[in-house]
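Residue numbers (our numbering), protein chains in the order written: chain A, 16 to 128; chain B, 382 to 497. A virtual CB, placed ideally from N, CA and C, is assigned to each residue, including glycine. Predicted model only: the values in this text are computed from it and were never measured. Some notes on the structure that comes next.
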């Protein structure tokens, strides 16, 4: 069975600073995919970044980067140059063999001026 | 980018009525759609996997007779909450996947259901 763990219920960061959101996972599948989604108060799920288990390089998408440490089974999201609009819930997720997503409990990020 | 729509965005209904939620993939043909449920301040939980032209696969603990899923075309999946009760009040959100080696799933905006 797969398990996604996000240990930070809430995080604060000052505008323009970088922040790291933690995610660890557990799976017995050799092939897997890891995702990060942002959920603002409106409820929509916004795709941020994807990392495949066989990808050699860490994924990056604009201000988002994924610090993938396979041996440690961690896939932390790094947001650089935080903006006020980054305040939201952030979910780490892993896809299963049927491509459904298993989500962590989420981290609430608050960006302060 | 890909767009997935959901309708309605909000629904309030009386206990015992049925509610249908539509999920449409607007930019691509979705071989697979997923239905999730999210209670307040909790994470998303997978309810079922909907494959076009075949029966949906439900997660353990999800009643297939209560949550009817139909995936009649490559762009439309519907979730019907039958005989809704107050405990069914939740945020229902669908996602679509194009299939093949496409990894990214795109989510609809969600539907907030309140059963009185």
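Residue j beta carbon less than 9 Å from that of residue i
i: residue 50 (chain A); j: residue 387 (chain B); result: no
i: residue 58 (chain A); j: residue 467 (chain B); result: no
i: residue 122 (chain A); j: residue 37 (chain A); result: yes
i: residue 465 (chain B); j: residue 494 (chain B); result: yes
Three-state secondary structure assigned by DSSP to residue i
i: residue 100 (chain A); result: helix
i: residue 468 (chain B); result: helix
i: residue 418 (chain B); result: strand
i: residue 408 (chain B); result: coil
i: residue 395 (chain B); result: coil
i: residue 23 (chain A); result: coil
i: residue 44 (chain A); result: coil
i: residue 498 (chain B); result: Because chain B is modelled from 382 through 497, residue 498 (chain B) falls outside the range shown and cannot be assessed.
Minimum Cβ-Cβ distance from residue i to chain B less than 9 Å
i: residue 57 (chain A); result: yes
i: residue 78 (chain A); result: no
i: residue 103 (chain A); result: no
i: residue 118 (chain A); result: yes
i: residue 113 (chain A); result: yes
i: residue 83 (chain A); result: no
i: residue 25 (chain A); result: no
i: residue 121 (chain A); result: yes
Residue-chain proximity (residue i, chain A), Cβ-Cβ < 9 Å
i: residue 460 (chain B); result: no
i: residue 417 (chain B); result: yes
i: residue 397 (chain B); result: no
Burial state of residue i, where buried means 16 or more other Cβ atoms lie within 10 Å
i: residue 441 (chain B); result: exposed
i: residue 391 (chain B); result: exposed
| said: To be precise: take each residue of the segment 470-492 of chain B, compare its Cβ to all Cβ atoms of chain A, and keep it if any distance is under 7 Å. Which residues remain? | reply: 472, 474, 478, 484, 485, 486, 487, 488, 490, 491
| query | Using Cβ-Cβ distances below 9 Å, what residues of the segment 46-71 of chain A are close to chain B? | reply | 48, 50, 52, 54, 57, 58, 59, 60, 61, 62, 65, 67
| field | Residues of the segment 403-428 of chain B whose Cβ lies closer than 7 Å to any Cβ of chain A, in chain order | value | Those would be 413, 415, 424, 425, 427, in chain order.
| task | Report the residues of the segment 430-444 of chain B with a CB closer than 7 Å to any CB of chain A, ordered along the chain. | result | 430
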